[in-house]
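Trainee:
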Amino acid sequence: KLWFLHVWPSLQQEMRTQEVLAAVLQPILQLISDISTDEYENIVLPHFRVVFNLPKSIQATVTLLENIHIILEKTPQEDITTDILPIIYSGLESSTVQVQVAAVVAATNASEYLDSEAIKKTVLPRTKAIYEQNPTDVALCLTVLGCIERILDKLERAAIIDDVLPILSDVKLQDADVTVKVVNIYRLMLGVKKFGLSVNLLATRILPSLLPL
Numbered sequence: 006k007l008w009f010l011h012v013w014p015s016l017q018q019e020m021r022t023q024e025v026l027a028a029v030l031q032p033i034l035q036l037i038s039d040i041s042t043d044e045y046e047n048i049v050l051p052h053f054r055v056v057f058n059l060p061k062s063i064q065a066t067v068t069l070l071e072n073i074h075i076i077l078e079k080t081p082q083e084d085i086t087t088d089i090l091p092i093i094y095s096g097l098e099s100s101t102v103q104v105q106v107a108a109v110v111a112a113t114n115a116s117e118y119l120d121s122e123a124i125k126k127t128v129l130p131r132t133k134a135i136y137e138q139n140p141t142d143v144a145l146c147l148t149v150l151g152c153i154e155r156i157l158d159k160l161e162r163a164a165i166i167d168d169v170l171p172i173l174s175d176v177k178l179q180d181a182d183v184t185v186k187v188v189n190i191y192r193l194m195l196g197v198k199k200f201g202l203s204v205n206l207l208a209t210r211i212l213p214s215l216l217p218l
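Residue 206 in this note's numbering is what sits at position 201 of the sequence shown, and the numbering runs on without skipping anything.
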């Protein structure tokens, strides 16, 4: 393939330099998207792995997180656990808003690879904290709600009561898309027996937030 003869050697050199990493990530991600899983594992991944642990600019980190689904599709499970998920957890702990939001997007896209313990101890608490920093940002709110929607089936009742319900009751239902997300999450939760959302809880915690509608 021409990619590997002419383009990849050049990208390989440039991606080791922090200053130009953000610029070369897009063509690298396009390459990963276009090639087979075998080609990725045998030709690209051995060299691309260095990017996972390399110090990165904000833009490079955001680009990597927002496109993590492309990498996940081709990466072996063991490498996802050791190399990819730590990037998401690190992004959630970032002090930079753009990186935090991109990490929530990445966690949403990687939800099937996240174990319950990581969701309980890292993903949900950090997602809640990121929401609380800027609860009036509609785009951020939709991103957070999208993540909750995806990880819901891996949560226990305590996490629903302590983390999810406070977010849902605090969300301002002034945007139609936000309202649809909130109502859908409530619908999903009420349909799961292990969450044990009682009639009393429904009356005291859920209905009041929906009554303005």
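Ideal Cβ positions, reconstructed from N, Cα and C, are used throughout, including at glycine.
Between the C-alpha atoms of V109 and L195, what's the straight-line distance to the nearest angstrom?
Mentor: A straight-line Cα-Cα distance of about 24 Å links V109 and L195.
Trainee: Hey, would you say L145 sits closer than 8 Å to V106, going by beta carbons?
Mentor: A contact, by the Cβ cut-off of 8 Å.
Trainee: DSSP state of I40, grouped into three classes?
Mentor: Reduced to three states, the DSSP call for I40 is coil.
Trainee: Given D120, which residues of its chain have a CB within under 7 Å of its CB, disregarding the five upstream and five downstream residues?
Mentor: none
Trainee: So, with DSSP's three-state summary, where would you put L157?
Mentor: In the structure shown, L157 falls within a helical segment according to DSSP collapsed to helix, strand and coil.
Trainee: Please report the straight-line C-alpha distance between D88 and R192, rounded to a whole angstrom.
Mentor: 35 Å
Trainee: How should V56 be labelled, buried or exposed, when 16 other C-beta atoms within 10 angstroms of its C-beta is the threshold for buried?
Mentor: buried
Trainee: Can you tell which of T148, I156 and L50 has the C-alpha that lies nearest to the C-alpha of D75?
Mentor: According to the sequence as given, residue 75 is Ile; it is not Asp. Considering only alpha carbons, the answer is L50.
Trainee: I need the boundaries of the alpha helix (DSSP H) containing S95, first residue and last residue.
Mentor: L90 to L97
Trainee: Using alpha carbons as the reference points, say which of T141, N189, G96 and I156 lies closest to S62.
Mentor: G96
Trainee: Closest to V149 by C-alpha separation, out of T127, D158, I172 and A163, would be which residue?
Mentor: Ranking T127, D158, I172 and A163 by Cα distance to V149 puts I172 first.
Trainee: Hey, how far is the Cα of L30 from the Cα of Q23?
Mentor: 11 Å
Trainee: For V104, collect the residues of the same chain with a Cβ closer than 8 Å to its Cβ; drop the 5 residues on either side in sequence, then sort them by chain order.
Mentor: I63, T66, V67, L70 and G96
Trainee: Determine the burial state of A163: buried for a count of at least 16 other Cβ atoms within 10 Å of its Cβ, exposed for fewer.
Mentor: Exposed, by the Cβ-count rule.
Trainee: Am I right that L129 and I156 are in contact with their C-beta atoms under 8 Å? What's the rounded C-beta distance?
Mentor: 7 Å
Trainee: Whose C-alpha, out of F200, D142, R131 and L178, is nearest the C-alpha of D158?
Mentor: Nearest C-alpha to D158: F200.
Trainee: State yes or no: is the C-beta of W8 within less than 8 Å of the C-beta of I40?
Mentor: yes
Trainee: Whole angstroms is fine: what's the gap from S100's alpha carbon to A134's?
Mentor: 11 Å
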